Amino acid sequence: MSSELPPRPGVAAPRRPVRALTRLAGVTVLAGALVVGASAAAVAAPGPSGDAVTASAAPPTAADTATRPPRTTHGPCAYTETPDEPAARPGPLPPDPRRTPARGTVRVTVATNQGPIGLTLDRAAAPCTVQSFLHLVGKRFYDRTPCHRLTAYPTLSVLQCGDPSGTGEGGPGYRYRDELPTDLPPAPTDPTGERRVYARGVLAMANAGPDTNGSQFFLVYANSALRPNYTIFGEVDAAGLATLDRIAAGGVAPTAEDPAPVDGAPALPVTIRKAVRTHHHH
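Going by the numbering used here, the first residue of the sequence shown is number 140, and it counts up by one from there.
Pasting the structure below:
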């Protein structure tokens, strides 16, 4: 599934929805969304109207509609295949037990070429999201994949990862429902009161609209103002924040069209070499 944060201005809509946080049309615009494409996860920024701009999925073809309906797991998480957005790396649907584990935390270490990023996943906050993320980690879905997007807006400071294709449109071949936060403080930079603070250190899912979570996620390196439409499922440790700060300090890679971008590929390329669940012995 794609995931988006705000879309980049001036970029034609991809054939498939891009998961993104909505991209900002200008630095003065408040970042309003992290959205993933139909097969991607990206961060999108609001358009001039302040709404997130998200791409839409390609309509299904006759051949698609003639085949069997997408499979869905039978547990409470209902992970559902997305035949129109095939997996960037094929694999099975996650296990979906009748009682999804909903207590405690799980540590995952993400080794990148720029340094380690330790994550603590919170099962109580987002049990289905943690279940899916651990499934993908266990299947080595994230190994040898890029973090394709860095944003450096005053109100949106995130690194987005989790798409093996590196396009912002790739995902795991399934989607699942949101587990949205309800207790985030209002963003002081947003006079409308709609956006909330996604604080430095937050680990959250990018998406392509309601209930389209897949594999793309974002790491917040400075307090960001977003509508509370992105599932928060953990936090980044101190060593991980130091790694994120180093990546952020490198800035966004310039392009011919934009010599000083604030949203795009990180200038210091970031590759997840390996993501592993780490077991602590007490």
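Glycine included, every Cβ here is placed at the ideal spot set by N, Cα and C.
Predicted model only: the values in this text are computed from it and were never measured.
What do you reckon, are the CB atoms on residue i and residue j nearer than 7 angstroms?
i: A414; j: V249; result: yes
i: G309; j: D302; result: yes
i: V409; j: T251; result: yes
i: I411; j: T284; result: yes
i: D329; j: A364; result: yes
i: R228; j: T417; result: no
i: A343; j: F357; result: yes
i: P233; j: S271; result: yes
i: P367; j: L319; result: yes
i: Q355; j: A345; result: yes
i: S296; j: A392; result: no
i: K278; j: G353; result: no
Could you spell out the range, first to last residue, of the beta strand (DSSP E) harbouring residue i?
i: Q299; result: S296 to C300
i: A250; result: T244 to T251
i: V414; result: Going by the sequence as given, residue 414 is Ala instead of Val. Counting along the chain, the beta strand (DSSP E) containing A414 begins and ends at T410 to T417.
i: R288; result: R288 to T290
i: G373; result: I371 to V375
i: P255; result: G254 to D261
Which residue's Cα is closest to the Cα of residue i: the options?
i: E333; options: G340, P324, R228 and D223; result: P324
i: I371; options: T382, A406, D322 and L380; result: D322
i: T244; options: N346, D235, P233 and G257; result: G257
i: V375; options: A395, T394 and G340; result: G340
i: A377; options: V269, P236, R238 and T259; result: T259
i: T306; options: V297, S296 and R288; result: R288
i: R238; options: P215, G230 and T331; result: P215
i: G373; options: D384, A265, A381 and F280; result: A265
i: Y369; options: P349, L383 and T382; result: P349
i: L383; options: C286, R335 and D317; result: C286
i: R316; options: H274, R207 and A217; result: A217
i: D223; options: G379, D235, H213 and R207; result: R207
Between residue i and residue j, which are expected to be in contact by the criterion C-beta below 8 angstroms, what is the C-beta distance as a whole number of angstroms?
i: Q253; j: I386; result: 5 angstroms
i: T211; j: T221; result: Between T221 and T211 the Cβ distance is about 11 angstroms, and since that is not below 8 angstroms, they are no contact.
i: G390; j: A406; result: 5 angstroms
i: R262; j: A241; result: 5 angstroms
i: T351; j: R314; result: 5 angstroms
i: L275; j: Y281; result: 6 angstroms
Please decide whether residue i counts as near chain B, where near means a Cβ-Cβ distance under 7 angstroms.
i: P222; result: In the displayed structure, chain B is absent; only one protein chain is listed.
State the start and end residues of the unbroken alpha helix (DSSP H) segment that holds residue i.
i: G277; result: P266 to G277
Point to revise | Length-filtered (3 minimum) beta strand (DSSP E) runs lying within the segment 334-369 | key: 335-337, 341-344, 356-361 and 363-365
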